[in-house]
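**Q**
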Amino acid sequence: MQLHRGNLFLVGMPGCGKSTLGRLLAKRLNKPFYDADVELERRLGVTIPLIFELEGEPGFRDREQAVLADLVAGTNIVLSTGGGAILRPANRELLAQNGTVLYLHAAPATLWERTRHSKHRPLLQAPDPLARVQELYTARDALYREVAELVVESDREQVSRLAHRLEQQLRAAARA
Numbered sequence: 718m719q720l721h722r723g724n725l726f727l728v729g730m731p732g733c734g735k736s737t738l739g740r741l742l743a744k745r746l747n748k749p750f751y752d753a754d755v756e757l758e759r760r761l762g763v764t765i766p767l768i769f770e771l772e773g774e775p776g777f778r779d780r781e782q783a784v785l786a787d788l789v790a791g792t793n794i795v796l797s798t799g800g801g802a803i804l805r806p807a808n809r810e811l812l813a814q815n816g817t818v819l820y821l822h823a824a825p826a827t828l829w830e831r832t833r834h835s836k837h838r839p840l841l842q843a844p845d846p847l848a849r850v851q852e853l854y855t856a857r858d859a860l861y862r863e864v865a866e867l868v869v870e871s872d873r874e875q876v877s878r879l880a881h882r883l884e885q886q887l888r889a890a891a892r893a
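Each residue of the sequence shown is one higher than the one before, starting from 718 at the first, in our numbering.
1. What are the boundary residues of the alpha helix (DSSP H) that Val-789 is part of?
2. Under 9 Å between the Cβ atoms of Gln-898 and Gln-886?
3. Go to Thr-817, then tell me how far its beta strand (DSSP E) extends in each direction, as first and last residue.
4. Of all the options Val-818, Val-868, Thr-764, Pro-806, which has the alpha carbon lying nearest to the alpha carbon of Ser-797?
5. Around the C-beta of Asn-747, are 16 or more other C-beta atoms found within 10 angstroms, so that it is buried, or is it exposed?
6. What do you get for Leu-828, buried or exposed, if any count of 16 or more other CB atoms within 10 angstroms of its CB means buried?
7. Can you tell me which of Ala-753, Ala-889, Leu-879 puts its alpha carbon nearest to the alpha carbon of Gly-801?
8. Once DSSP output is grouped into helix, strand and coil, what is the label at Ser-871?
9. Look at the Cβ atom of Ala-880, then the Cβ atom of Arg-760, and state whether they are nearer than 9 Å.
10. Going by DSSP in three states, Asp-752 sits in which element: helix, strand or coil?
11. Throw me the rounded Cβ distance for the Thr-792 and Arg-740 pair, which I believe falls under 8 Å.
12. Taking C-alpha atoms, which residue in Cys-733, Glu-884, Gln-842 lies nearest to Phe-769?
13. On the DSSP letters alone, give me the boundaries of the alpha helix (DSSP H) that Leu-796 sits inside.
14. Exposed or buried, Pro-825, counting other C-beta atoms within 10 Å across all chains shown (16 or more means buried)?
15. Quick one: Cα of Arg-849 to Cα of Ala-889, how far?
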C-alpha cells in the first residue's frame, strides 16, 4: 500500500486510539505526528470543552475545519483527526485528496469503556454516556467507512502489523 503524498490520516470514534496508535505509527514510519485536537487547542490557547461552551458545536466545527485544512496540506505526516471531523463533506474530501485514510474501528461498548471517565470530551457528557456513544457510532460509522481506504480494528496487534507492512513498503520504495 502506497501512502498518498506520504500522508496517513487516522479517523474514528473518540476513544478508538487514534492519538495513541498514531504516535506509534509515526514512530515506526519515521514521520512527524500531529493530533488535530491538540493542534487546535494549541493554536487557540483554549480547551475544546471551552470552545464548545462558548461557540457551540457549529463554532467548534468551523475552527476544526480550518486547522484540518492546514494540517492536511503537509506531506509525509501521520495525523490523528478529531472524532467528528468526518461530519462535514468538505473535511472528508480534504482527507481523501491529501492522504491515505485509515479508519480505526472499535465497537461502541469498547469505546465507552475507554472514554467513560473522560471529562475532556464534550459530546460524551450525557445522562446516558453509553447510549450517546452508540448514537454517535450509528451516525458516524458509515462516514468513516466512506472516506477510508483501509479499516483496521483498533487494537495494538492489528496496527503493529499494518505499521510493519508499511515500513517494509517504504524501505523497498527507497531502495528502488
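A virtual CB, placed ideally from N, CA and C, is assigned to each residue, including glycine.
**A** So, from the data block:
1. On the sequence shown, position 72 is the one that residue 789 refers to. Residues 765–789.
2. For the chain, the structure presents residues 718 to 893; residue 898 sits outside this window and is missing.
3. Along the sequence shown, one-based indexing puts residue 817 at 100. Start and end: 817–822.
4. Along the sequence shown, read from residue 1 onward, the residue named residue 797 stands at position 80. Taking each of Val-818, Val-868, Thr-764, Pro-806 in turn and checking the Cα distance to Ser-797, the smallest one comes out for Val-818.
5. Working through the sequence shown from its first residue, we reach residue 747 at position 30. Exposed, because fewer than 16 other Cβ atoms sit within 10 Å of the Cβ of Asn-747.
6. Residue mapping note: residue 828 aligns to position 111 of the sequence shown, counting from 1. Result: buried.
7. The residue you call residue 801 lines up with position 84 of the sequence shown. Per the Cα distances, Ala-753.
8. As a working mapping, residue 871 is identified with position 154 in the sequence shown. In the structure shown, the three-state DSSP call for Ser-871 is coil.
9. On the sequence shown, residue 880 is found 163 positions in, with the first residue counted as 1. On the sequence shown, residue 760 is found 43 positions in, with the first residue counted as 1. Not a contact, by the Cβ cut-off of 9 Å.
10. Taking the sequence shown and counting its residues from 1, one reaches residue 752 at position 35. Three-state DSSP puts Asp-752 in a strand.
11. Here the question's residue 792 lines up with position 75 in the sequence shown. Here the question's residue 740 lines up with position 23 in the sequence shown. About 19 Å separates the two Cβ atoms, so there is no contact after all.
12. For the purposes of this step, residue 769 is identified with residue 52 of the sequence shown, where counting begins at 1. With distances taken between Cα atoms, Phe-769 lies closest to Gln-842.
13. Taking the sequence shown and counting its residues from 1, one reaches residue 796 at position 79. Segment 795–797 is the beta strand (DSSP E) holding Leu-796; no alpha helix (DSSP H) there.
14. On the sequence shown, position 108 is the one that residue 825 refers to. Buried is the call here.
15. The count along the sequence shown starts at 1 and reaches residue 849 at position 132. The count along the sequence shown starts at 1 and reaches residue 889 at position 172. Their Cα atoms are separated by approximately 45 Å.
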